[in-house]
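Asker:
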Amino acid sequence: MTTVGPVPAAQPVGRVAGTRPQGASTPAPRRRRRQRGWVVGWLFALPALLFYAVFVLRPLVSAVQYSFYDWNGIDLARFVGMANYTKVLTDPQLLSSIWHAFFLIIFFTVLPVVGGLLMAALIRELRSKGFGTLARTVLFLPQIIPGAAAAIAWVWMYSTDGTVNQVLSAIGLDGVTRAWLGDFTWALPAVGLIGTWINLGFCTILLLSGIGKIDGTIYEAARLDGAGFLQTFRAVTVPGLKQEIGVCVTMSVISALASFDIVFMSTQGGPGYSTMVPGVLVYQLGFTQSQVGLASALALLLTLLILLVVLPLQRAFRSED
Amino acid sequence: MKTSMKERVPGIALLLAAMVFSIVPLVSMLSAALQPQGTTPTGISWPSHPHWHNFVDAWQVADITPLLVSSLILVAGVVPFAALFATMAGYALGALKIPGGVVFFVLLLLGLTLPREATIVPIYYQIRDMGLLNTRLGLILVLIGSFMPFAVYWMRAHFLSMPKELSEASSLDGAGPWQSFVRIQVPLAVPAIASMCLLLFLWTWNTFLQAIVLIDDPSKRTMAGALQNFVGLHSTDVVLLNAGSLLIMAPTIVVFLVFQRHFVKALISGAVKG
Chain A
1 MTTVGPVPAA QPVGRVAGTR PQGASTPAPR RRRRQRGWVV GWLFALPALL FYAVFVLRPL
61 VSAVQYSFYD WNGIDLARFV GMANYTKVLT DPQLLSSIWH AFFLIIFFTV LPVVGGLLMA
121 ALIRELRSKG FGTLARTVLF LPQIIPGAAA AIAWVWMYST DGTVNQVLSA IGLDGVTRAW
181 LGDFTWALPA VGLIGTWINL GFCTILLLSG IGKIDGTIYE AARLDGAGFL QTFRAVTVPG
241 LKQEIGVCVT MSVISALASF DIVFMSTQGG PGYSTMVPGV LVYQLGFTQS QVGLASALAL
301 LLTLLILLVV LPLQRAFRSE D
Chain B
1 MKTSMKERVP GIALLLAAMV FSIVPLVSML SAALQPQGTT PTGISWPSHP HWHNFVDAWQ
61 VADITPLLVS SLILVAGVVP FAALFATMAG YALGALKIPG GVVFFVLLLL GLTLPREATI
121 VPIYYQIRDM GLLNTRLGLI LVLIGSFMPF AVYWMRAHFL SMPKELSEAS SLDGAGPWQS
181 FVRIQVPLAV PAIASMCLLL FLWTWNTFLQ AIVLIDDPSK RTMAGALQNF VGLHSTDVVL
241 LNAGSLLIMA PTIVVFLVFQ RHFVKALISG AVKG
């Protein structure tokens with residue numbers, strides 16, 4: 001720590017002093033070879049850069065351009081300045097889609113991370129290799145199937161004749177059965193639970209791999225001190241998994257704010273606008289309602305929101321490492 | 001120090017509950033898929049005579065054969081090229097440390113958090129102007145581009161972890177960067193490349209948004225993209241819908257069960273690196 005000051009100050013001096021005479025005395029062919037090295041190095045990067053520039057950066061720049069225009073995709077576009085942005089930030093329906101996305105964080109992030117921590121700690125505690133592997137496989141399965149397919153499975157689960165209502169009736173809760181995805185109050189939490197279903201296995205496995213890196217003797221020491229499962233969980237497991245928890249939170253928050261497949265295939269944003277999220281709205285505005293400018297403004301605001309939420313999160317979980 | 005049985009019971013019960021939660025939707029689909037066609041099934045109930053033939057019918061109705069072929073073509077068009085370009089760029093950024101590479105790298109970091117929705121509308125018009133709407137080529141190009149941030153990041157991390165002496169030694173031997181790349185670096189990078197390819201396969205196969213936007217004809221889409229059309233056509237026939245959806249999911253589940261360990265490892269290290 002104490003050397004931080006002198007080192008950067010000394011380095012440039014040393015480098016300048018060292019390289020200048022060397023550069024002057026370097027034979028010309030070697031220098032030419034180094035220059036060619038740069039060119040060759042960039043040639044290696046070129047295909048990736050090209051694809052990224054043409055199919056990600058260029059559309060992103062176009063989106064910025066579109067967002068200042070009123071355009072239906074066919075006729076001449078009309079410049080409207082910030083009108084699309086003000087519309088997103090003032091229109092109650094557009095605004096509510098953003099709130100829904102944030103509400104989904106409870107189901108996409110909070111439940112899977114808390115549940116995943118608990119599951120990972122339990123799997124470690126049981127120390128049964130066979131059961132542990134089985135549990136991991138089963139919990140991970142929802143992460144593998146396409147989100148669109150997961151939505152179809154749950155549409156059937158939530159339907160009037162579906163398994164959710166069947167179970168509720170079986171335990172004497174006939175009164176609460178309903179068509180869950182058609183219910184204005186319950187549709188959004190119901191969609192959220194699909195996200196919990198998908199993300200739980202991912203968090204469990206990621207956290208479990210983190211637990212494997214925690215020194216086993218710390219667990220032994222805790223046990224010898226008479227700490228129970230919950231105390232060990234709080235004092236050893238959770239603090240030891242800071243980085244992994246950070247990754248789980250970051251990835252799942254992005255999946256909540258940018259959700260599309262699940263909502264599109266289960267409710268299309270309905271009933272009414274009760275489950276509308278920005279992702280589905282961008283699709284509808286852009287491709288079925290021909291409001292390209294508005295769709296672009298919403299998409300860019302969504303991107304900005306994701307950056308605003310994710311960057312501080314990453315800093316918070318990495319700062320002390 | 002073994003935990004007593006009494007202490008373990010609540011833990012096991014919780015774990016079992018979570019496992020049931022994970023598996024029930026799939027069991028529920030299977031149970032519905034095996035009911036007699038034309039009936040309206042209720043929840044989970046094992047039929048006395050499971051109609052396995054429903055899967056044969058669903059295979060025809062959902063037109064699975066062309067879908068499988070289509071998905072395989074897309075995977076073959078995306079994964080090898082994305083892997084090659086990413087490995088080359090990762091080598092340039094991680095081992096050759098090209099001047100100005102930092103700029104490229106920062107741009108890629110931006111791409112890592114970019115949601116697909118951000119670019120999907122302009123991508124549609126761009127692919128239209130290139131005359132590639134409704135072609136697999138258009139979708140392949142878009143997917144390669146969108147996988148670049150993660151894939152290059154992944155390969156750069158690999159090449160950064162390799163000892164510097166390796167590239168220095170080979171350049172002293174007079175091997176050019178390309179020879180050193182092909183003969184020495186790539187063979188050593190095979191495990192990293194293989195894990196990346198598994199992830200790229202899974203993501204290509206499960207691609208939904210880009211598939212439904214860029215390709216109208218469901219038989220040219222990915223398996224996941226074709227689900228949208230299938231549901232639209234058969235949303236009232238619960239039995240057939242579930243059988244068809246299970247068929248569409250089956251390939252990824254099979255691949256996952258076969259390569260399970262690699263998959264889990266790849267996803268985890270991918271997440272930690274990302």
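Those sequence lines, one after another, are chains A and B. Following our numbering, the numbering of the first sequence begins with 1 at its first residue and continues without gaps. Following our numbering, the numbering of the second sequence begins with 1 at its first residue and continues without gaps. Cβ atoms here follow ideal geometry from the backbone N, Cα and C, with glycine treated the same way. Note that the structure is a prediction, hence the values are computed from the model and not measured.
Within 8 Å, do at least three Cβ pairs link the stretch 149-158 of chain B to the stretch 83-101 of chain B?
Answerer: yes
Asker: Using 7 Å as the threshold, is the C-beta distance between Leu285 of chain A and Glu244 of chain A below it?
Answerer: Here residue 285 of chain A refers to the residue found at position 285 when the first sequence is read from its first residue. Here residue 244 of chain A refers to the residue found at position 244 when the first sequence is read from its first residue. No; because the gap between Cβ atoms is not below 7 Å, this pair is not in contact.
Asker: Whole angstroms are fine: how far does the CA of Ile123 of chain A sit from the CA of Phe131 of chain A?
Answerer: For the purposes of this step, residue 131 of chain A is identified with residue 131 of the first sequence, where counting begins at 1. For the purposes of this step, residue 123 of chain A is identified with residue 123 of the first sequence, where counting begins at 1. Their Cα atoms are separated by approximately 8 Å.
Asker: Provide the residue(s) that pair with Tyr69 of chain A in DSSP beta bridges, ordered along the chain.
Answerer: As a first step, residue 69 of chain A must be located in the first sequence, where it is residue number 69. For Tyr69 of chain A, the pairing in a beta bridge is given by DSSP as A:Phe79.
Asker: Under a Cβ-count criterion, where at least 16 other Cβ atoms within 10 Å of its own Cβ denotes burial, should Phe108 of chain A be classed as buried or exposed?
Answerer: In the first sequence, counting from the first residue as 1, residue 108 of chain A sits at position 108. Under this definition Phe108 of chain A is a buried residue.
Asker: Assign Gly225 of chain B to one of two classes, buried (16 or more other C-beta atoms within 10 Å of its C-beta) or exposed (fewer than that).
Answerer: To locate residue 225 of chain B, count along the second sequence from 1; it is residue 225. Gly225 of chain B comes out buried.
Asker: Does Ile215 of chain B have its Cβ less than 7 Å from a Cβ in chain A?
Answerer: Numbered from 1 along the second sequence, position 215 holds the residue referred to as residue 215 of chain B. No - not a single Cβ of chain A is within 7 Å of the one on Ile215 of chain B.
Asker: Could you give the residue range of the alpha helix (DSSP H) that holds Arg279 of chain A?
Answerer: As a first step, residue 279 of chain A is located in the first sequence; it is residue number 279 there, counting from the start. Arg is not the amino acid found at residue 279 of chain A; the sequence shown has Gly there. Under the DSSP assignment, Gly279 of chain A falls in the alpha helix (DSSP H) whose first and last residues are Pro278 to Tyr283.
Asker: With Lys129 of chain A as the anchor, note down where its alpha helix (DSSP H) starts and where it stops.
Answerer: As a working mapping, residue 129 of chain A is identified with position 129 in the first sequence. Element bounds for Lys129 of chain A: Lys129 to Ile144.
Asker: Kindly indicate which three-state DSSP category Lys164 of chain B falls into: helix, strand or coil?
Answerer: Within the second sequence, numbered from 1, the residue matching residue 164 of chain B stands at position 164. The answer is helix: DSSP assigns Lys164 of chain B an H, G or I state.
Asker: Report the option in A:Ser259, A:Asp183, A:Thr237 and A:Pro92 whose CA atom is closest to the CA atom of Ile198 of chain A.
Answerer: If you number the first sequence from 1, residue 198 of chain A lands on position 198. Of the candidates A:Ser259, A:Asp183, A:Thr237 and A:Pro92, the one whose C-alpha sits nearest the C-alpha of Ile198 of chain A is A:Ser259.
Asker: Any beta-carbon of chain A closer than 7 Å to the one on Val142 of chain B?
Answerer: Along the second sequence, read from residue 1 onward, the residue named residue 142 of chain B stands at position 142. So, interface residue.
Asker: If you count every other CB in all the chains shown that lies within 10 Å of the CB of Phe140 of chain A, and 16 or more means buried, which is it?
Answerer: Here the question's residue 140 of chain A lines up with position 140 in the first sequence. So Phe140 of chain A counts as buried.
Asker: Tell me whether Phe208 of chain B sits in a helix, a strand or coil according to DSSP, three-state version.
Answerer: What you label residue 208 of chain B is simply residue 208 of the second sequence in a count that begins at 1. The DSSP-derived three-state label of Phe208 of chain B is coil.
Asker: Compare the Cα-Cα distances from Gln185 of chain B to each of B:Val27, B:Ser161 and B:Ala33 and report the closest residue.
Answerer: For the purposes of this step, residue 185 of chain B is taken as the residue at position 185 of the second sequence. Looking at the Cα atoms, B:Ser161 is the closest of the given residues.
Asker: Exposed or buried, Glu165 of chain B, counting other C-beta atoms within 10 Å across all chains shown (16 or more means buried)?
Answerer: On the second sequence, position 165 is the one that residue 165 of chain B refers to. Label assigned to Glu165 of chain B: exposed.
Asker: What does the alpha-carbon distance come out to for the pair Tyr158 of chain A and Ala187 of chain A?
Answerer: Here residue 158 of chain A refers to the residue found at position 158 when the first sequence is read from its first residue. Here residue 187 of chain A refers to the residue found at position 187 when the first sequence is read from its first residue. Answer to the nearest angstrom: the Cα atoms are 10 Å apart.
Asker: Report yes or no: do the stretch 185-202 of chain B and the stretch 210-221 of chain B share at least 3 C-beta pairs separated by less than 8 Å?
Answerer: no
Asker: Suppose you measure from the CA of Gly172 of chain A to the CA of Val20 of chain B; what does that come to, to the nearest Å?
Answerer: Counting from 1 along the first sequence, the entry for residue 172 of chain A is found at position 172. Counting from 1 along the second sequence, the entry for residue 20 of chain B is found at position 20. One C-alpha to the other measures close to 20 Å.
Asker: Run through chain B and tell me which residues come within less than 7 Å of Thr303 of chain A, C-beta to C-beta.
Answerer: Residue numbering aside, residue 303 of chain A sits at position 303 when the first sequence is read from its first letter. Under the 7 Å cutoff, chain B gives Leu114, Pro115 and Ala118.
Asker: Just mark Phe184 of chain A as buried or exposed, buried being the case when its beta carbon has 16 or more other beta carbons within 10 Å.
Answerer: In the first sequence, counting from the first residue as 1, residue 184 of chain A sits at position 184. Classification for Phe184 of chain A: exposed.
Asker: Whole angstroms is fine: what's the gap from Ile145 of chain A's alpha carbon to Val255 of chain B's?
Answerer: For the purposes of this step, residue 145 of chain A is taken as the residue at position 145 of the first sequence. For the purposes of this step, residue 255 of chain B is taken as the residue at position 255 of the second sequence. Roughly 11 Å separates the two Cα atoms.
Asker: The alpha helix (DSSP H) with Asp261 of chain A in it runs from where to where?
Answerer: By 1-based counting over the first sequence, the position of residue 261 of chain A is 261. Run containing Asp261 of chain A: Asp261 to Ser266, per the alpha helix (DSSP H) assignment.
Asker: Any idea what DSSP makes of Trp186 of chain A, helix, strand or coil?
Answerer: For the purposes of this step, residue 186 of chain A is identified with residue 186 of the first sequence, where counting begins at 1. Trp186 of chain A: coil per DSSP, three-state reduction.
Asker: For the alpha helix (DSSP H) containing Gly293 of chain A, list its first residue and its last residue.
Answerer: Within the first sequence, residue 293 of chain A is the residue found at index 293, counting from 1. Where Gly293 of chain A is concerned, the enclosing alpha helix (DSSP H) stretches over Val292 to Arg318.
Asker: Mind pulling the chain B residues with CB within less than 7 Å of Ser209 of chain A?
Answerer: Here residue 209 of chain A corresponds to residue number 209 of the first sequence, with the count starting at 1. The contacting residues are Ile268.
Asker: In angstroms, rounded to a whole number, what distance separates the CA positions of Leu43 of chain A and Gly145 of chain B?
Answerer: Residue 43 of chain A sits at position 43 when you count from the first residue of the first sequence. Residue 145 of chain B sits at position 145 when you count from the first residue of the second sequence. Looking at the two C-alpha atoms, the distance is approximately 17 Å.
Asker: Decide yes or no for the touch test of the stretch 225-242 of chain A against the stretch 55-69 of chain A: beta carbon pairs closer than 8 Å, at least 3 of them.
Answerer: no
Asker: Which residues in the same chain as Val282 of chain A place their Cβ atom closer than 6 Å to its Cβ, once the five residues preceding and following it in sequence are excluded?
Answerer: Looking up residue 282 of chain A in the first sequence gives position 282. Taken in chain order, the residues that qualify are Ala295, Leu298 and Ala299.
Asker: Does DSSP classify Pro47 of chain A as helix, strand or coil?
Answerer: For this step, residue 47 of chain A is matched to residue 47 along the first sequence. DSSP places Pro47 of chain A in helix when its eight states are reduced to three.
Asker: Would Lys220 of chain B be called buried (16 or more neighbouring beta carbons within 10 Å of its own) or exposed?
Answerer: Residue 220 of chain B sits at position 220 when you count from the first residue of the second sequence. Looking at its Cβ environment, which holds 16 or more other Cβ atoms inside 10 Å, Lys220 of chain B is buried.
Asker: Under the rule that 16 or more other beta-carbon atoms within 10 Å means buried, what is Gln82 of chain A, buried or exposed?
Answerer: Residue mapping note: residue 82 of chain A aligns to position 82 of the first sequence, counting from 1. The sequence given here places Met at residue 82 of chain A; Gln does not occur at that position. The residue in question, Met82 of chain A, is exposed, as its Cβ has fewer than 16 Cβ neighbours within 10 Å.
Asker: Taking Cβ positions only, does Met130 of chain B come closer than 7 Å to chain A?
Answerer: The sequence position of residue 130 of chain B within the second sequence is 130, counting from 1. It does not; no Cβ of chain A falls within 7 Å.
Asker: For a cutoff of 7 Å on Cβ pairs, would you count Ala250 of chain B as touching chain A?
Answerer: Taking the second sequence and counting its residues from 1, the one referred to as residue 250 of chain B is at position 250. With 7 Å as the cut-off, Ala250 of chain B does not count as an interface residue toward chain A.
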